[in-house]
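Residue numbers (the working numbering): 110 to 210. Notes for the one structure printed next.
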């Protein structure tokens with residue numbers, strides 16, 4: 110009777126050992142999966158941030174170009190306006206003050 114009880118206890122112990130090993134293996138698998146998921150998320154976030162940074166740079170470049178174009182256009186406009194003012198002034202002076210010429 111005693112040897113039978115000992116044998117049963119040994120079998121129970123061995124079964125628990127096997128179950129424990131299987132559980133440990135499953136836990137390790139799950140942990141590895143979680144780590145891979147986190148790594149993948151980090152990569153995706155980094156790519157998204159890089160893409161956004163690139164878009165920001167392009168947007169800033171476009172704004173800069175638009176600003177430069179506006180300044181150039183305004184400069185041309187200012188030049189034309191100044192020339193027109195000079196022409197009017199010259200005409201005015203020639204008409205009203207011919208003796209100065």
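Even for Gly, the Cβ is constructed at its ideal location relative to N, Cα and C.
Check                                                                                  : Outcome
Spatial distance of residue 158 from residue 174 (CA atoms)                            : 24 Å
Minimum length 4: unbroken alpha helix (DSSP H) runs contained in the stretch 110-173  : none
Between the CA atoms of residue 120 and residue 127 - distance to the nearest angstrom : 11 Å
Straight-line Cα distance separating residue 186 from residue 206                      : 29 Å
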